[in-house]
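Trainee: In the working numbering, the protein residues as written are 2 to 557.
Got a structure for you, questions after.
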Amino acid sequence: MLPQTIFVAARRPVNERSRRLRWGDRWALRSGWTPNRWTAVGACAAMVCAGVLSSARAESGEAGRSKLEPLPSGSFDRAAAAHLLSRAGFGGTPKEIDELHALGLDAAVDRLLDVQGDDPVGPFNATLTERLARGEFAKLSPEERMKRQREFRIKDQTQLQQLRGWWLRRMVLSPNPLEEKMTLFWHGHFATSHIDVRNSYHMYLQNETLRKGALGSFKDLVTAIAKDPAMLEYLDNNTNNRNKPNENFARELMELFTLGVGNYTEEDIKEAARALTGWTFRGNAFTFVRFQHDPGEKKVLGKKGRFTGDDVIDVIFGQPAASRFVVRKLFVYFAHESPSDDVIESLAATFRENDFAIRPVLREMFRSAEFYSERSRGTQIQSPVQSVVRTLRLLELDPGPSPVYASLAGQMGQDLFAPPSVKGWDGGQAWISTSTMFDRRNYAVVMLGLVQPDAMRRQFRLNAFGGGGGGGGLGGRFAAPPQWDAQSGAVRLLGDDANALTTEQVVDRLLERFLLVPATPEARRELIELYEKEEPSKRLTAVIHLIVSSPQYQLG
Numbered sequence: 002m003l004p005q006t007i008f009v010a011a012r013r014p015v016n017e018r019s020r021r022l023r024w025g026d027r028w029a030l031r032s033g034w035t036p037n038r039w040t041a042v043g044a045c046a047a048m049v050c051a052g053v054l055s056s057a058r059a060e061s062g063e064a065g066r067s068k069l070e071p072l073p074s075g076s077f078d079r080a081a082a083a084h085l086l087s088r089a090g091f092g093g094t095p096k097e098i099d100e101l102h103a104l105g106l107d108a109a110v111d112r113l114l115d116v117q118g119d120d121p122v123g124p125f126n127a128t129l130t131e132r133l134a135r136g137e138f139a140k141l142s143p144e145e146r147m148k149r150q151r152e153f154r155i156k157d158q159t160q161l162q163q164l165r166g167w168w169l170r171r172m173v174l175s176p177n178p179l180e181e182k183m184t185l186f187w188h189g190h191f192a193t194s195h196i197d198v199r200n201s202y203h204m205y206l207q208n209e210t211l212r213k214g215a216l217g218s219f220k221d222l223v224t225a226i227a228k229d230p231a232m233l234e235y236l237d238n239n240t241n242n243r244n245k246p247n248e249n250f251a252r253e254l255m256e257l258f259t260l261g262v263g264n265y266t267e268e269d270i271k272e273a274a275r276a277l278t279g280w281t282f283r284g285n286a287f288t289f290v291r292f293q294h295d296p297g298e299k300k301v302l303g304k305k306g307r308f309t310g311d312d313v314i315d316v317i318f319g320q321p322a323a324s325r326f327v328v329r330k331l332f333v334y335f336a337h338e339s340p341s342d343d344v345i346e347s348l349a350a351t352f353r354e355n356d357f358a359i360r361p362v363l364r365e366m367f368r369s370a371e372f373y374s375e376r377s378r379g380t381q382i383q384s385p386v387q388s389v390v391r392t393l394r395l396l397e398l399d400p401g402p403s404p405v406y407a408s409l410a411g412q413m414g415q416d417l418f419a420p421p422s423v424k425g426w427d428g429g430q431a432w433i434s435t436s437t438m439f440d441r442r443n444y445a446v447v448m449l450g451l452v453q454p455d456a457m458r459r460q461f462r463l464n465a466f467g468g469g470g471g472g473g474g475l476g477g478r479f480a481a482p483p484q485w486d487a488q489s490g491a492v493r494l495l496g497d498d499a500n501a502l503t504t505e506q507v508v509d510r511l512l513e514r515f516l517l518v519p520a521t522p523e524a525r526r527e528l529i530e531l532y533e534k535e536e537p538s539k540r541l542t543a544v545i546h547l548i549v550s551s552p553q554y555q556l557g
């Protein structure tokens with residue numbers, strides 16, 4: 002039987018209390034749960050998340066502001082600091098939230114926007130950086146070619162998994178969480194998949210390009226991506242030549258990257274494709290092949306000239322839509338799904354005034370009252386990567402170089418370096434389904450040490466420690482990842498006085514650490530009962546697991 006309390010929460014009138022959902026039965030902690038019951042609870046949890054979002058939107062149905070008014074400095078309380086750190090990063094520990102709150106709003110925003118300090122993870126150690134040169138490859142026998150290709154694919158797939166583990170670890174440990182959060186945003190915006198590129202080193206180079214331009218000039222970033230080997234391969238511009246123009250990249254450049262649907266014509270795409278002829282790559286770098294370029298006159302978006310690719314980008318950024326399209330995506334990514342036209346126009350004006358620099362737009366957004374409004378707080382379903390990284394950060398657990406945790410995010414629907422299409426990931430409620438909720442409930446058992454590697458492989462229905470397969474599975478054998486240990490982790494999570502705390506104090510500190518959406522008194526009481534009933538060596542882990550398995554934890 003499904004937990005009745007969930008349905009009660011879903012039927013409650015729309016008010017502030019309706020956002021605080023009851024937890025129901027102890028979904029995640031009892032071995033008696035079968036896959037069928039898990040699936041049913043997953044469907045129920047999907048309804049719960051949808052109910053939370055609907056309630057929040059209904060509460061905030063007032064007309065949009067005529068401009069982005071700044072949040073009064075006195076309104077930047079601790080909860081606002083937690084919200085900022087969750088959206089502009091991957092969540093924070095109580096200590097990190099307190100430190101950000103103490104800075105005050107303006108200084109806190111500047112701290113997140115200003116990249117500082119060395120990254121503790123360091124650069125990716127790529128060992129496979131070159132394919133066999135075409136000339137050398139042509140000299141090989143057919144059998145030797147097949148052998149070399151097979152060897153490259155195996156090594157490349159292994160390096161891809163290492164790259165996924167490296168990036169996820171960087172998200173967890175970086176002192177600049179906004180830089181990594183923006184790199185993840187651009188990865189979805191300029192979606193490129195290793196499935197088509199088939200070169201892990203090129204995916205790494207693109208990742209570094211996105212990080213370097215994450216908070217800088219959007220126009221410069223578009224230009225860099227237009228010359229990126231992985232993108233040129235992914236959207237076929239490496240085959241775009243004067244004799245046979247390929248329109249794929251030109252189309253996505255306008256439709257998905259800069260202007261949006263309805264702000265260009267088919268003729269604009271054809272002419273832009275001509276301007277982009279000859280843009281390709283050799284080895285690991287962009288190159289312009291002049292004899293493949295169409296030097297004739299083109300007409301793009303009302304402008305005429307003997308345009309090259311750089312000229313087309315200049316023309317695109319002369320369009321009003323160029324300042325609105327990506328700003329809207331940024332607002333939805335960081336704040337909420339229903340910005341008013343006035344909000345977008347305010348940010349777009351800032352974008353234009355600052356020559357398409359990203360930092361001023363984010364500074365205005367993160368300082369605005371709209372960003373901290375009820376429609377923004379606790380209403381965003383976390384992406385799988387966000388959820389995994391946040392949990393590791395809150396447990397203060399270094400995932401190490403193992404790609405297993407990145408693989409679990411892939412199992413939940415977000416494979417790094419393999420978005421489902423050129424549109425990237427849909428996000429929002431698309432993250433929640435009966436199957437993904439099962440995996441969202443279960444991935445924490447790995448981090449918390451509730452299952453060992455062999456059991457992990459069976460429980461998660463993926464070959465996470467060896468063999469092939471998709472859905473986040475790993476192509477080579479890797480060591481098991483570090484797991485949280487209750488004995489050594491208790492002090493980090495609860496403080497130096499951990500052993501002196503009452504049951505109520507333990508539960509309250511864990512709720513403060515892990516939840517952005519407040520728990521009800523009933524939920525708190527259920528956690529207290531669980532803590533008191535469990536064996537002393539297991540009770541802290543059990544309570545944490547129940548919290549991170551709750552629908553509330555999926556929201557940020």
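Virtual Cβ for every residue (Gly too), placed ideally from N, Cα, C.
A quick note: this is a predicted structure, and the numbers were derived from the prediction, not measured.
Excluding sequence positions up to five away, which residues of its chain have a Cβ less than 6 Å from the Cβ of E60?
Mentor: Its pLDDT being 40, under 50, E60 is placed unreliably by the model, and the measurement read from it follows with that caveat. So the qualifying residues of the chain are E375.
Trainee: Looking only at its own chain, which residues have a Cβ that is under 7 Å from the Cβ of V262, when we skip the five neighbours before and after it?
Mentor: Around V262: E256.
Trainee: Taking the alpha-carbon of D440 as reference, which of E180, L531, S550, F335 has the nearest alpha-carbon?
Mentor: The shortest Cα separation from D440 among E180, L531, S550, F335 belongs to S550.
Trainee: Taking buried to mean at least 16 other C-beta atoms within 10 Å of its own C-beta, is I196 buried or exposed?
Mentor: Answer is exposed; the Cβ neighbour count stays below 16.
Trainee: Among the candidates W485, S384, R307, whose CA atom is the shortest distance from the CA of A395?
Mentor: In the sequence on display, residue 395 carries Leu and not Ala. Of W485, S384, R307, the residue nearest in Cα terms is W485.
Trainee: Could you check the C-alpha separation between G308 and A276 for me, to the nearest Å?
Mentor: According to the sequence shown, residue 308 is Phe rather than Gly. Rounded to whole angstroms, F308 to A276 spans 5 Å at the Cα level.
Trainee: Pick from R391, V452, G414: whose alpha carbon is nearest that of A514?
Mentor: The question names Ala, yet the displayed sequence has Arg at residue 514. The shortest Cα separation from R514 among R391, V452, G414 belongs to R391.
Trainee: In terms of alpha-carbon separation, which member of L398, R378, S347, N241 lies closest to Y334?
Mentor: Ranking L398, R378, S347, N241 by Cα distance to Y334 puts R378 first.
Trainee: If you reduce the DSSP assignment to three classes, tell me which class G319 lands in.
Mentor: Of the three classes helix, strand and coil, the one that applies to G319 here is coil, per DSSP.
Trainee: As an exercise, report each continuous alpha helix (DSSP H) stretch of at least 4 residues that is fully enclosed by the segment 97-155, in chain order.
Mentor: Qualifying alpha helix (DSSP H) stretches, in chain order: 106-114, 135-139.
Trainee: I'd like to check one pair, V328 with I317: are the Cβ atoms closer than 8 Å?
Mentor: No.
Trainee: Check whether chain D comes within 8 Å of A480, counting only Cβ atoms and requiring the distance to be less than that.
Mentor: Any reference to chain D falls outside this structure, which holds one protein chain only.
Trainee: So, under 8 Å CB-CB, G284 and E131 are touching, yes? Tell me the CB distance rounded to an integer number of Å.
Mentor: With 8 Å as the limit, G284 and E131 qualify as a contact, their Cβ atoms being about 7 Å apart.
Trainee: Ends of the alpha helix (DSSP H) at V223?
Mentor: Note, V223: alpha helix (DSSP H), 219-227.
Trainee: Under the DSSP definition of a beta bridge, which residues are partnered with F289?
Mentor: Note: F289 sits in a beta bridge opposite W280.
Trainee: Beta carbon of V561, beta carbon of T259: below 8 Å?
Mentor: No answer is possible for residue 561: the residues shown for the chain start at 2 and end at 557.
Trainee: Check whether the segment 199-218 and the segment 177-186 touch, using three or more Cβ-Cβ pairs below 8 Å as the test.
Mentor: The segment 199-218 vs the segment 177-186: in contact.
Trainee: Please tell me whether I548 and L511 are closer than 8 Å, where the distance is taken between their beta carbons.
Mentor: Cβ distance < 8 Å, so I548 and L511 count as in contact.
Trainee: Tell me I382's beta-bridge partners as DSSP assigns them.
Mentor: According to DSSP, I382 bridges with L556.
Trainee: Between A109 and Q117, what straight-line distance do the alpha-carbon atoms span, to the nearest angstrom?
Mentor: Distance between the alpha carbons of A109 and Q117 is about 14 Å.
Trainee: Cα-Cα, which of S347, R368, K424, V386 is closest to R112?
Mentor: The shortest Cα separation from R112 among S347, R368, K424, V386 belongs to R368.
Trainee: What number of angstroms, rounded off, separates the C-alpha of A419 from the C-alpha of A192?
Mentor: Their backbone Cα atoms lie some 8 Å apart in a straight line.
Trainee: Using 8 Å as the Cβ pair cut-off and three pairs as the minimum, do the segment 155-175 and the segment 411-430 touch?
Mentor: With the cut-off at 8 Å, the segment 155-175 and the segment 411-430 touch.
Trainee: T351 and V362 - do their beta-carbons sit closer together than 8 Å?
Mentor: For V362 and T351, yes; Cβs fall inside 8 Å.
Trainee: Whole angstroms are fine: how far does the CA of G425 sit from the CA of T281?
Mentor: Whole-angstrom Cα-Cα distance: 23 Å.
Trainee: T542 by DSSP, collapsed to three states: which one?
Mentor: Looking at T542 - three-state DSSP - the assignment turns out to be helix.
Trainee: Can you tell me which of the three DSSP states S377 falls into?
Mentor: Reduced to three states, the DSSP call for S377 is coil.
Trainee: If you drop the 5 nearest sequence neighbours on each side, which residues of the same chain put their C-beta closer than 7 Å to that of L106?
Mentor: Hits under 7 Å: L72, S74, F77, R368.
Trainee: Going by the CB atoms, is the gap between T504 and I529 shorter than 8 Å?
Mentor: Against a cut-off of 8 Å, the Cβ pair of T504 and I529 comes out as a contact.
Trainee: Starting from V452, trace the beta strand (DSSP E) both ways and give me its first and last residue.
Mentor: That residue, V452, is in no beta strand (DSSP E); it is neither H nor E in DSSP.
Trainee: If you follow the beta strand (DSSP E) that V301 is in, where does it begin and where does it stop?
Mentor: That run of the beta strand (DSSP E) goes 299-301.
Trainee: Using 8 Å for Cβ pairs, my map puts L227 next to P246. What's the rounded Cβ distance?
Mentor: First, the residue type needs correcting, since residue 227 is Ala and not Leu in the sequence shown. So it is not a contact: roughly 16 Å between Cβ atoms.
Trainee: Excluding the five sequence neighbours on either side, which residues of its own chain have a C-beta within less than 7 Å of the C-beta of P296, listed in chain order?
Mentor: Excluding positions up to five away in sequence, the list reads R307.
Trainee: Taking C-alpha atoms, which residue in V173, Q488, A407, S347 lies nearest to R325?
Mentor: Selected option, being the one with the closest Cα: S347.
Trainee: My output table needs one value for A358: the three-state DSSP class, helix, strand or coil.
Mentor: In the structure shown, A358 sits in a strand (DSSP, three-state: E or B).
Trainee: How would you call D237, buried or exposed, if buried means at least 16 neighbouring beta carbons within 10 angstroms?
Mentor: Result: exposed.
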